[in-house]
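So the structure is just underneath, and the comments pick up after that.
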Amino acid sequence: MSANTPTATHPGHQDGAHQVSRWGGVFAMSFGAFAVVASEFMPVSLLTPMARDLQVSEGLVGQGIAISGLFAVLTSLSVSTLTGRMNRRTLLIGLTALMGASGALIALAPGYFPFMVGRASIGVVIGGFWSMSAATAIRLVAPSKVPRALAIVNGGNALATVLAAPLGSYLGSLIGWRGAFLCLVPISVLCVVWQWISLPSLEAPSREAPGSRTRARDILTIFTAFKNRTVAWGMAACGTFFMGQFILFTYVRPFLETVTHVNVTQVSLVLLVMGASGFAGTILIGRFLGAGLYRTVMVIPAAMALVALALIPFGAVFAVVVVLLALWGLLGTSAPVGWWSWVAQAMPHNAEQGGGLMVAVVQTCIALGSTFGGVLFDSLGYASTIMASAVVLLVAAFLAFKTKRVALGA
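Each residue of the sequence shown is one higher than the last, beginning at 282 in our numbering.
So this is what it looks like as structure tokens:
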């Protein structure tokens, strides 16, 4: 998951109300978001052929998502410190170039270890890009245009959610999984050229500017401080949700092939349905937030747990599986919108630090979830993976309930 939707104007917005908006740069960032999310989750739709070609299990290939999450966390917590005064335009272009190199390395990997190196590289891109994308978009437009700019950038994320998995599966059936990953290279090159042309020079924020540096110790202070118990419980609930989601989601394709017994075309269709329903969910969930915020983030994981459990008795019935996974996509893709709204509510004066914490927590839990799901899938079979996902999602619902009680002083 790539969830880095910002919730407050960047404090480094320096050009005032009369700033000329650079929409070309905003759309370049949106295209970058699309490419990053597509690169991150491409293995989900190609797990089976990759495992066969690399001569390892589906669970081990799934660890490629885990390692990218680990490196995304490390990068998100250290990118400001490590890059210092580097111009942010140069840094973004460099990260995009690394994304292309990662896709090429994965596509040409002669074995499992080079594949994992490529996945670690894309993790660096994920952490660096999402740590800076929101602040960059905000600096490109006048303050009054910030909401529109952020919506455009996150539109790339939503579009990748719809297209990446089914398109990857379809391309894999035509040109093989290596060819599908090679397609990421020209996309990255196009993104580099677009950023080179449209992004202005972006000097690093002043170290004295409040909120300009999100360090690990600052994040941990927020997380553990007694006066921020709501943040601690909320982040635990959010992270547990993503862990439960990715215990199952990472292994959707092998489930469809071994239990539902579908062909590659049908796999692509199911993934497209999941993505489309998820896109619809991100649009619809706004109606349930506001006063119903906590109720929404409690109900979603509980409902997803029921959907997951229903896959066990009905896993061999294609039509039922399509409906269940469509519901899974609708709920799972919309949930992060609710949690980002919660960050804005829980940390109105530290939204940027909260965003950094959210990225770290989410990526860590995606890594843990995909790793745990892979171990279960390889050793005990699909039913154990599904049941573990359901249990963790129910824990997430309970933690969301606890967050509500703490926040409201109940």
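Here a beta-carbon is modelled for each residue, glycine too, at the ideal position from N, C-alpha and C.
Computed from a predicted structure; not experimentally measured.
Where does residue i sit, in a helix, a strand or coil, going by DSSP?
i	result
P467	helix
L674	helix
R370	helix
G655	helix
S493	Because S493 sits at a pLDDT of 42, beneath the cut-off of 50, its placement in the model cannot be relied upon, and the following sentence gives the value as read from the coordinates. Looking at S493 - three-state DSSP - the assignment turns out to be coil, as it is neither helix nor strand.
P391	coil
G437	helix
G365	coil
V512	helix
L689	coil
L452	helix
L661	coil
A681	helix
T505	Unreliable positioning characterises T505 in this predicted model, as indicated by a pLDDT of 49, which lies under 50. A coordinate reading is not provided.
T356	helix
G381	helix
Output the boundary residues of the alpha helix (DSSP H) element that contains residue i.
i	result
S482	Note, S482: premise wrong, no alpha helix (DSSP H); not H, not E.
K426	Run containing K426: none; DSSP gives neither H nor E here.
Give a yes or no on whether the C-beta atoms belonging to residue i and residue j are separated by under 8 Å.
i	j	result
V643	G520	yes
L689	Q626	no
I666	A347	The question names Ile, but residue 666 is Thr in the sequence shown. Contact: no.
Q344	G655	yes
G437	M323	no
V354	S412	no
A648	P582	no
S549	Y451	yes
L680	A518	yes
S670	A589	yes
G384	V318	no
T684	G457	no
G404	T364	no
S596	T546	In the sequence under discussion, the amino acid at residue 596 is Gly, which differs from the Ser named in the question. The answer is no: Cβ separation not under 8 Å.
F522	L674	yes
Y556	V443	A quick correction: the sequence has Gly, not Tyr, at residue 556. It is a contact, given that the beta carbons lie within the stated cut-off.
L351	V342	no
T645	G619	no
S338	R400	no
G453	L587	no
A441	F315	yes
A641	L373	no
V543	F462	no
C472	G313	yes
V687	T511	yes
For my contact list, residue i and residue j are in at a C-beta cut-off of 8 Å; report their separation, rounded to the angstrom.
i	j	result
R370	S482	6 Å
V307	V422	7 Å
F530	Y663	Their Cβ separation, rounded to whole angstroms, is 13 Å, which puts F530 and Y663 out of contact at 8 Å.
S469	A309	About 12 Å separates the two Cβ atoms, so there is no contact after all.
A446	L552	4 Å
A388	S402	Their Cβ separation, rounded to whole angstroms, is 13 Å, which puts A388 and S402 out of contact at 8 Å.
G622	I433	In the sequence under discussion, the amino acid at residue 622 is Ser, which differs from the Gly named in the question. 19 Å between Cβ atoms; not a contact.
L376	G409	5 Å
Q526	G610	Not really, about 11 Å apart at Cβ, beyond 8 Å.
R534	V325	7 Å
T329	E538	6 Å
Residue i CB to nearest chain B CB: under 8 Å?
i	result
V360	Looking for chain B here will not work: only one protein chain is present.
Going along the chain, which unbroken runs of the alpha helix (DSSP H) with 4 or more residues stay wholly within the segment 516-602? With a minimum length of 4 residues, the continuous alpha helix (DSSP H) runs that stay inside the segment 516-602 are 533-536, 545-565, 574-595.
Which runs of the alpha helix (DSSP H) fall wholly inside the segment 303-342 and span at least 4 residues, in chain order? 304-335
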